[in-house]
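Below is one structure, written out as structure tokens; comments come after it.
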Amino acid sequence: MSQITYSSVPAWARPGDLAETTTPAPTGSAYLLVGVGSVDEVLDRWESDLAPRATTRITGDVDSAGDALAEALSSATVGVRVWIAADAGAALQLRAIALAAGLEDDEIDVLVAPETTGEIDVFCVHCRAVNRVRAQVDDVVACAGCGRDLLVYHHVSRRTGQYLGFQVDAETAPFEPAPQEVEA
Amino acid sequence: MSTPVAETAAVVESGTGSSRTDRATTLELVVTAIDVPAEGIRSITLADPAGRVLPGFVPGSHLVVHAGPHTNAYSLTGDGTHPTHYSISVLRVEDGNGGSRWLHDELAVGDTLTVGLPRSAFAPIARARKHLLIAGGIGITPMVSHLRAAARWRRDVQILYTFRENAGAHLQDVAELAGGDAELFTEQDAFVARLGEALREQPIGTHLYVCGPAGMIDAVIDAAHEAGWPDSRIHFERFGIDALDAGDPFRVRLTASGRTVDVPSGTSMLEALEEHGIEIPNLCRQGVCGECRIPLSGGSPIHRDLYLSAEEKDAGDAIMPCVSRAGEGCTLEVPL
Chain A
1 MSQITYSSVP AWARPGDLAE TTTPAPTGSA YLLVGVGSVD EVLDRWESDL APRATTRITG
61 DVDSAGDALA EALSSATVGV RVWIAADAGA ALQLRAIALA AGLEDDEIDV LVAPETTGEI
121 DVFCVHCRAV NRVRAQVDDV VACAGCGRDL LVYHHVSRRT GQYLGFQVDA ETAPFEPAPQ
181 EVEA
Chain B
1001 MSTPVAETAA VVESGTGSSR TDRATTLELV VTAIDVPAEG IRSITLADPA GRVLPGFVPG
1061 SHLVVHAGPH TNAYSLTGDG THPTHYSISV LRVEDGNGGS RWLHDELAVG DTLTVGLPRS
1121 AFAPIARARK HLLIAGGIGI TPMVSHLRAA ARWRRDVQIL YTFRENAGAH LQDVAELAGG
1181 DAELFTEQDA FVARLGEALR EQPIGTHLYV CGPAGMIDAV IDAAHEAGWP DSRIHFERFG
1241 IDALDAGDPF RVRLTASGRT VDVPSGTSML EALEEHGIEI PNLCRQGVCG ECRIPLSGGS
1301 PIHRDLYLSA EEKDAGDAIM PCVSRAGEGC TLEVPL
């Protein structure tokens, strides 16, 4: 856990780090303000700070907001900024969508809302299932795909926004043969 | 596939750190052709004397050329893949350090020229959706390399090239390589207006490349910022260095040897160290080549080189003593 500072987990997604409360520098020419959860106050503040500039507000749950963000970015030009106000798990998903569209890190700002759900996606390296769970780094969660107890490791994919999860006790657990498929 | 590649000679300089001796390398190349594509510009083609393939390079790379008593860096205009020759285009600069005059007046076909290995400081971004190239005057040279690579790898590219009437170089290359994606300007107003438009109509994922005179580079960067471009998308290469002012006097403390060296105004830190018998490997002495980089352990430097990245300059743990200095009366600490 002490290595998290040097990991792929961005500062705003680390447990215990203070959420950013300042408005990002308005250096862009257009702004997509993306909110998931109860973050209307943040979006209102951003919008009023950017009053004369081109802003577009996108809200919804993480999946619908993500689709709307991808749609908006498909026709955007250089100069656009994506400002995200969401819980850390949703923010990681939305960041992945922005990166896939071609945005650079200095075009994306994230404000993690502290009071939101705390759900993150954990990718199981054993069965490749993606678990949407209420957890944080270093927690152990049961994989919905294969039942293994997964350690939520301090590595998160920029491409997918998912944390890496692997069997927590692979070295010490008693050997159990993998479940066989039984024909009825 | 194995191909013989021209061998490099290790340069061993006495009195310097051993780590440098196995790294510094040069090539002895023969001049196979000299063309004059425009007034005041010489295109020089170099090849291995034995005809071997030369070391490949990243598009936008430059070559440090030992031009008689001088050392200058010139952009390579090839695409860098499996090169059988290196080509550079040299603008004659009357009031420069003399390197370009030597290459214009002294160098002839058949001569041997000592060059360093190609260095990459202006590389394309592999994941960029598109490259927007802005060139001014002789700043077209690295763009020709980029255009060749873009054509070879079928990358999306667009170029705006501004130059003084009758002083454009590589116009045919640009036309052949970029076709309808090239726009040429000889009127500054038209260029500035079109630049402002072009900067506002690029798809996300475009990266901007600028090379030209310092004033032009600054103007393009300002226009890009104005259009909302972040620094991560802006890449520029200054050619030559503008005359630097003499600077204020400052002091260098050498922490390993316990000595202190005063650097007066008008003397470079490199010259001052050399006067005190401290030899630092160096080549261009104008903040371009990167050879004289030394570590910095304390003090606030005023970086004036074109070699260190913005991050490296901010970190403040290295300095190019040939051009960089410190504020009046300040002290820099160097672990030498």
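As given, the protein sequences belong to chains A and B, one line each in that order. So for the first sequence, the numbering used here puts the first residue at 1; every next one is plus one. So for the second sequence, the numbering used here puts the first residue at 1001; every next one is plus one. No residue lacks a Cβ here, since even glycine has one placed at the ideal position from N, Cα and C. Keep in mind it's a predicted model, so treat the numbers as computed, not measured.
Close-in-space but distant-in-sequence residues of the same chain around residue i (CB under 6 Å, 5 per side omitted)
{"i": "E119(A)", "result": "G89, R132, R134"}
{"i": "P10(A)", "result": "none"}
{"i": "E1291(B)", "result": "P1281, N1282, L1283"}
{"i": "D121(A)", "result": "V130, R132, Q162"}
{"i": "D105(A)", "result": "none"}
Cβ-based neighbour list, residue i, same chain, cut-off 8 Å, excluding 5 preceding and 5 following
{"i": "C146(A)", "result": "C124, H126, C127, A129"}
{"i": "N1166(B)", "result": "A1038, E1039"}
{"i": "A54(A)", "result": "S29, A30, Y31"}
{"i": "R1129(B)", "result": "D1156, P1203, I1204, G1205, T1206"}
{"i": "A1358(B)", "result": "Chain B is shown only over 1001 to 1336; residue 1358(B) falls outside these bounds and no answer can be derived."}
Span separating the alpha-carbon of residue i from that of residue j
{"i": "H1070(B)", "j": "I1204(B)", "result": "43 Å"}
{"i": "A86(A)", "j": "A70(A)", "result": "16 Å"}
{"i": "F166(A)", "j": "Y1074(B)", "result": "51 Å"}
{"i": "L1332(B)", "j": "E1271(B)", "result": "15 Å"}
{"i": "A1047(B)", "j": "S1145(B)", "result": "17 Å"}
{"i": "H155(A)", "j": "P114(A)", "result": "21 Å"}
{"i": "L1273(B)", "j": "G1266(B)", "result": "14 Å"}
{"i": "V1323(B)", "j": "G1196(B)", "result": "34 Å"}
{"i": "V78(A)", "j": "F1236(B)", "result": "17 Å"}
{"i": "R1115(B)", "j": "G1051(B)", "result": "According to the sequence displayed, residue 1115(B) carries Val and not Arg. Spanning the two alpha carbons is a distance of roughly 16 Å."}
{"i": "G1068(B)", "j": "M1143(B)", "result": "27 Å"}
{"i": "A13(A)", "j": "Q162(A)", "result": "12 Å"}
{"i": "M1320(B)", "j": "S38(A)", "result": "51 Å"}
{"i": "R1020(B)", "j": "I1294(B)", "result": "Caution is warranted here: a pLDDT of 41 is assigned to R1020(B), below 50, making its placement in the model unreliable, and the coordinate value is therefore given only provisionally. Taking the straight line joining both Cα atoms gives about 12 Å."}
{"i": "R1251(B)", "j": "C1330(B)", "result": "6 Å"}
As assigned by DSSP and simplified to three states, the class of residue i
{"i": "P1158(B)", "result": "Checking the sequence, you will find Gln at residue 1158(B) rather than Pro. The answer is strand: DSSP assigns Q1158(B) an E or B state."}
{"i": "T1141(B)", "result": "helix"}
{"i": "S7(A)", "result": "coil"}
{"i": "G1078(B)", "result": "coil"}
{"i": "F1185(B)", "result": "strand"}
{"i": "S38(A)", "result": "coil"}
{"i": "S48(A)", "result": "helix"}
{"i": "W83(A)", "result": "strand"}
{"i": "G1136(B)", "result": "strand"}
{"i": "D1218(B)", "result": "helix"}
{"i": "S1257(B)", "result": "coil"}
{"i": "A1067(B)", "result": "strand"}
Cutoff 9 Å: residue i Cβ touching any chain A Cβ
{"i": "D1181(B)", "result": "no"}
{"i": "R1259(B)", "result": "no"}
{"i": "S1232(B)", "result": "yes"}
{"i": "W1153(B)", "result": "no"}
{"i": "A1227(B)", "result": "yes"}
{"i": "P1124(B)", "result": "no"}
{"i": "R1194(B)", "result": "no"}
{"i": "G1080(B)", "result": "no"}
{"i": "T1021(B)", "result": "Caution is warranted here: a pLDDT of 40 is assigned to T1021(B), below 50, making its placement in the model unreliable, and no coordinate value can be reported."}
{"i": "Q1158(B)", "result": "no"}
{"i": "L1133(B)", "result": "no"}
{"i": "P1203(B)", "result": "yes"}
{"i": "R1200(B)", "result": "yes"}
{"i": "R1129(B)", "result": "yes"}
{"i": "T1084(B)", "result": "no"}
{"i": "T1206(B)", "result": "yes"}
Cutoff 9 Å: residue i Cβ touching any chain B Cβ
{"i": "D106(A)", "result": "yes"}
{"i": "V78(A)", "result": "yes"}
{"i": "T56(A)", "result": "no"}
{"i": "L73(A)", "result": "yes"}
{"i": "F33(A)", "result": "Looking at the sequence itself, residue 33(A) is Leu, so the reference to Phe does not match. It does not: the Cβ of L33(A) has no partner Cβ on chain B nearer than 9 Å."}
{"i": "R95(A)", "result": "no"}
{"i": "L69(A)", "result": "no"}
{"i": "S157(A)", "result": "no"}
{"i": "S29(A)", "result": "yes"}
{"i": "L50(A)", "result": "no"}
{"i": "A11(A)", "result": "no"}
{"i": "R45(A)", "result": "no"}
{"i": "R134(A)", "result": "no"}
Same chain only: Cβ atoms within 7 Å of residue i, ignoring 5 sequence neighbours per side
{"i": "A144(A)", "result": "A129, N131"}
{"i": "R1152(B)", "result": "D1079, T1081"}
{"i": "G66(A)", "result": "Q93, L94, I97"}
{"i": "E1312(B)", "result": "A1318"}
{"i": "G1098(B)", "result": "H1070"}
If you pair each beta-carbon of the region 1167 to 1187 of chain B with each one of the region 1102 to 1117 of chain B, do three or more pairs fall below 8 Å?
With the cut-off at 8 Å, the region 1167 to 1187 of chain B and the region 1102 to 1117 of chain B do not touch.
Are there three or more Cβ pairs, one per stretch, closer than 8 Å when the region 1110 to 1126 of chain B is compared with the region 1023 to 1034 of chain B?
By the Cβ test, the region 1110 to 1126 of chain B is in contact with the region 1023 to 1034 of chain B, since at least three Cβ pairs between them sit closer than 8 Å.
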